[in-house]
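2 protein chains.
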Amino acid sequence: MTNGARALITTLVDSGVQVCFANPGTSEMHFVAALDEVPDMRGVLCLFEGVATGAADGYGRIAGKPAATLLHLGPGLSNGLANLHNARRAHTPVVNVIGDHATYHKKYDAPLESDIEPLTDWTHGWVRRTGGGAEVGRDTAEAVAAAQASPGRVASLILPADISWDDGAEAAAAVEPVPPSAPDAQVIEEIAEVLRGGAPTCLLLGGPATGLAGLSAADRIAAATGARTLVETFPARLTRGAGVPPVERLGYLAEQAGAQLAGIEHLIVVGTRAPVTFFAYPGKPSDLVPDGAVVHTLAGLETDVVAALEQLADLLAPGIAARPAPPVVPELPTGELTAQNWVDVIGALLPERAILSDESNTSGVLLPAATAGSPCHDVLALTGGAIGQGLPVAVGAAVAAPDRPVIALQADGSAAYTISALWTMARENLDVTTVLLNNNAYAILRLELARVGADGGGPKANDLLDLSRPEMDFAAIAEGFGVPATVATTCEELAEQFQHALAAPGPHLIDARI
Amino acid sequence: MTNGARALITTLVDSGVQVCFANPGTSEMHFVAALDEVPDMRGVLCLFEGVATGAADGYGRIAGKPAATLLHLGPGLSNGLANLHNARRAHTPVVNVIGDHATYHKKYDAPLESDIEPLTDWTHGWVRRTGGGAEVGRDTAEAVAAAQASPGRVASLILPADISWDDGAEAAAAVEPVPPSAPDAQVIEEIAEVLRGGAPTCLLLGGPATGLAGLSAADRIAAATGARTLVETFPARLTRGAGVPPVERLGYLAEQAGAQLAGIEHLIVVGTRAPVTFFAYPGKPSDLVPDGAVVHTLAGLETDVVAALEQLADLLAPGIAARPAPPVVPELPTGELTAQNWVDVIGALLPERAILSDESNTSGVLLPAATAGSPCHDVLALTGGAIGQGLPVAVGAAVAAPDRPVIALQADGSAAYTISALWTMARENLDVTTVLLNNNAYAILRLELARVGADGGGPKANDLLDLSRPEMDFAAIAEGFGVPATVATTCEELAEQFQHALAAPGPHLIDARI
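Those protein sequences? They're chains R and P, same order as listed.
Those letters in the first sequence? Residues 1 to 514, per full-length UniProt numbering, in order.
Those letters in the second sequence? Residues 1 to 514, per full-length UniProt numbering, in order.
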């Protein structure tokens, strides 16, 4: 018998959860104290809950298993919601431990009191308020299992302070997560028939289908049938580069996506859904499926999507191999750094097995082409569109994979959301190289202002999209948070600083003035 | 006839709302474009929604009328929730305009799609999703009126993108907010009888009762009857200093509060509720009302609490004057800056009519005594306990009162939450002096770890409360966001830098190493 906090942490560790991204408060103090009694749990302090939840997202995408977060009551959870939204859209397994007031204290409506469940429900995951010491171990084990079901999800366990501190609790054994269901052979056969028909067809890949195995199977199908392949616009984790079959991502702009999907008669979705526009635009359709095209679902996220693709490939492409991208990298550019050429520096110098946390937004439009033949790497995209993901996800990825170089490609506007993630990088000495794409603007909104047809030439409107008054000195900010930083204004400087940052241990930031 | 965005902004302005703290996205582009057509609306860009909502809170506390916020869909709102929680607890009038996807786009569950209403409901305010151009003007006017009812509240208006961009809308005339109800003469007479009885009695003041008029009336009652007076622990806006009757705040720690309330037989609450502890502690009561004491409510927040106090004073203390604090300030201390002596520098140098945004937390324990006789000032406290309020509230207060010096007393741990507020101070050239109380720790949690009885001597536990690894260089961070900054390690340096910052226009930050 022990107290609730120790039972909870012990159960987490026994269930394979060994990292907790934490921003605790008074109601979590017994949890914090219990960390010293469970050696296998690592507490990683974050200065803001949005960093903690984003880090848990990044960790889960790379580790393939959940990290925990430790959040302080409703307001602490609220600060973490935006990155939980991204985790939800990425189907990342995450286990939130949300401290609450003691059960008997709730009724007093003390200043920090709020209803926590409407917020946890908002993440569309698994939610439970543990009811007592006898239940906390079981609830914890079930939370971890729920997070790891197929698809992965955000599991939130609410822990009242008195249940945390009261004795009489016991740790519980791990609960096996529900595995993905086996592919449906009849569906596979029907879709094979569609592909054999030879009509213009596209495979749209998402979720676990965007790893090496899924992409290879899809490419074999494409090689055998002439079908096109595309990856969803914002994949949770996309493996790409030399040795991996190259598959374009569906464009963010409806105009791009329309061109990519033009003429197809069958759209086969695998681990994703039929594509829609990110936003509505006056007079334009939201549905990106071409008129008349038929949508087929090979496998949803509750299914083993890689197995489904492999079985389909074995039917259609026996003996046909996937066509990996050759190792071809751009020449190192020279001269003034621009929004066009910075990507070639990254493409030329990207190290083996890099993880790219990509929140470069508009600045990253040319990145995929520049890195198509770079050494094999994983890209973690902005799945839910809630900006402020990039730096926290890089933190979590680096904790999950300390042997891999993590590169955060970070737009300036969104960097300001969760900038204190830099401090956690410094504190944990994480090998993260942040390339801060600094164009002094919410550039995407300048584009969108025109695209939505707003009459947006006015000075007040443009001022609200302008980040140059004052210019942010991200190198100074990074140094202030303990991360060594430099400024690059030429390609040569970016190349030299990028190579130095990769070679030296610990975090670095390069303020790339594009 | 105009589009929804223009109708909305015009109605805001016609209803007295002339400032909008904004962090827009694509779905808000027509609102942004419309700003140029309504000259009396000022858009203030914030780099994070928590800055926008905190600024609206600070604005409302000082201006006595709402500012608007402009937030991007559910995730944007979620980032602003913590400071809306503080605004809710402060009863500050705030009008959120929350952009949403076009009505016809919702069903596609695009990446940024989420249920907005569970989040707006969480603020316990007024919520409406406008249904079309014919309604947007009326809905806006009613939102402003709802925000300004008694007590003030957070009003949230959800604006779908197509309603924003479609023509066919019209602005509406302002709606009168429901005024506070008149005090109940019978209640006043009953409470007068209690006070005449001479038993130990305390008046606990909150809400509008903590301004000069309310404090003066309460002090007259105290002078006539011997009753004690106290202000709630975290007042939204407390007027104090020379010329104002001095009233202690109820202590944050239960031990303090218990001593302040010891022996009372009657507790009369005015514009607040019976006090409870901030958190639960093992084996200690949550209710701070002494056993056997009777709680009387003179006036709740729906009532004109100042009128109630004045009527009670006229009954009990005719001809008796309030006893204002004399203008006595501390001597300027010298030598090394410490957690004890920095408050005397502030007390000695506080200018006339200052506004103190106080999130100094543990570092500010001695502040009230040090500033008790400083020139009259307003203190804006951390009403809801959701940290990260201090800098944003200072932004809003400075926008509301450009002729008054605003001083942000800011603890280090909570500063990191919404640090980009500094950028908005620089952008708007706001006259805010931030004194950053830098003790490299979540000092309050060190205290709380012991107070909750957690066995907290372990290295991992203490590490999670330690902000010294690495130390944050807040001067560098501030300069990075465009705010001139200095470091003070002695009382003399703090005094000199504080005087310089007050004398020079625009924002300044002093990293006070205590």
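Virtual Cβ for every residue (Gly too), placed ideally from N, Cα, C.
Please read all numbers here as calculations on a predicted model, not as lab measurements.
Checklist entry - Looking only at its own chain, which residues have a Cβ that is under 8 Å from the Cβ of R:A185, when we skip the five neighbours before and after it? => result Q311
Checklist entry - If you draw a straight line from the alpha carbon of R:E331 to that of P:P93, how long is it in whole angstroms? => result One Cα belongs to R:E331, the other to P:P93, and the distance between them is close to 58 Å.
Item to check | Short Cβ contact (8 Å threshold) for P:T297 with P:V51 | outcome: When the beta-carbon positions are compared, P:T297 and P:V51 stay at least 8 Å from each other.
Next on the checklist: How far does the alpha helix (DSSP H) with P:T10 in it extend, from its first residue to its last?
Outcome noted: G4 to D14
Item to check | Backbone CA spacing between P:H101 and P:L73 [nearest angstrom] | outcome: 7 Å
Checklist entry - Hey, is P:M425's beta-carbon within less than 8 Å of any beta-carbon in chain R? => result No Cβ of chain R is located within less than 8 Å of the beta carbon of P:M425.
Next on the checklist: For R:D431, count the other beta carbons within 10 Å of its own beta carbon; 16 or more makes it buried, fewer makes it exposed. Which is it?
Outcome noted: buried
Item to check | chain R contacts made by the stretch 464-494 of chain P, where a contact means CB separation under 9 Å | outcome: Within the stretch 464-494 of chain P, the qualifying residues are L464, L465, D466, L467, R469, P470, E471, M472, D473, F474, A475, A476, I477, A478, E479, G480, F481, G482 and V483.
Next on the checklist: Helix, strand or coil, according to DSSP, for R:A218 in the structure here?
Outcome noted: helix
Checklist entry - Any idea which residues DSSP pairs R:E493 with across the strands? => result In the DSSP assignment, no residue is bridged to R:E493.
Next on the checklist: Strictly under 8 Å for the Cβ-Cβ distance: is R:L298 near chain P by that measure?
Outcome noted: no
Next on the checklist: If distances are taken between C-alpha atoms only, which option among R:N462, R:L356 and R:I346 comes closest to R:A512?
Outcome noted: R:I346
Checklist entry - How about R:R61: is its Cβ closer than 7 Å to a heavy atom in the ligand NAP? => result This structure lacks the ligand NAP; in fact it carries no ligand of any kind.
Next on the checklist: Is the separation between the beta-carbon of P:P402 and that of P:P375 shorter than 8 Å?
Outcome noted: no
Item to check | Run of the beta strand (DSSP E) containing P:H296, from where it starts to where it stops | outcome: V294 to A299
Item to check | Members of the stretch 49-66 of chain P near chain R, C-beta cut-off 7 Å | outcome: none
Item to check | Chain-ordered neighbours of R:H91 on chain P, where CB pairs are closer than 9 Å | outcome: Within 9 Å Cβ-Cβ: nothing; R:H91 doesn't reach chain P, min ~12 Å.
Item to check | Short-range partners of chain P found in the stretch 392-420 of chain R, where Cβ spacing is below 8 Å | outcome: G413, A416, Y417, I419 and S420
Checklist entry - How is the beta strand (DSSP E) around R:G99 delimited, first residue to last? => result V94 to D100
Checklist entry - If you measure beta-carbon to beta-carbon, which residues of the stretch 153-169 of chain R are closer than 8 Å to chain P? => result A161, D162 and W165
Next on the checklist: In whole angstroms, give me the CA-to-CA distance for P:V406 and P:S357.
Outcome noted: 7 Å
Checklist entry - Is it right to say R:K107 is buried, meaning 16 or more other beta carbons lie within 10 angstroms of its own, or is it exposed? => result exposed
Checklist entry - Which whole-angstrom value is the C-beta distance of R:A236 and R:H91, which I expect to be below 8 Å? => result 6 Å
Item to check | Below-8 Å beta-carbon distance, P:G384 vs any chain R residue | outcome: yes
Checklist entry - How is the beta strand (DSSP E) around R:W126 delimited, first residue to last? => result W126 to R129
Next on the checklist: Restricting to Cα atoms, I'd like to know which of P:T210, P:H266, P:P282 and P:S363 is closest to P:V244.
Outcome noted: Taking each of P:T210, P:H266, P:P282 and P:S363 in turn and checking the Cα distance to P:V244, the smallest one comes out for P:T210.
Item to check | Sub-8 Å separation of P:S156 and P:T120 beta-carbons | outcome: yes
Checklist entry - Just curious, the alpha helix (DSSP H) that R:S164 is in, first and last residue? => result A161 to W165
Checklist entry - Which residue's Cα is closest to the Cα of P:S181: P:L253, P:V97, P:N79 and P:V306? => result P:V306
Next on the checklist: Using the Cβ count rule (16 or more neighbours within 10 Å means buried), how would you classify P:P327?
Outcome noted: exposed
Next on the checklist: Could you check whether the stretch 57-70 of chain P touches the stretch 103-117 of chain P, counting it as contact only if at least three pairs of C-beta atoms, one from each stretch, sit closer than 8 Å?
Outcome noted: no
Item to check | Three-state class that DSSP yields for R:D378 in the structure shown | outcome: strand
Checklist entry - Where does R:G43 sit, in a helix, a strand or coil, going by DSSP? => result strand
Checklist entry - Mind listing which residues of the stretch 277-289 of chain P have their C-beta closer than 8 Å to chain C's C-betas, in chain order? => result You won't find chain C in this structure, because its protein chains are R and P.
Checklist entry - Using a C-beta cutoff of 8 Å, does R:D115 count as contacting chain P? => result yes
Checklist entry - What do you reckon, are the CB atoms on R:V154 and R:N96 nearer than 8 Å? => result Yes; because the gap between Cβ atoms is below 8 Å, this pair is in contact.
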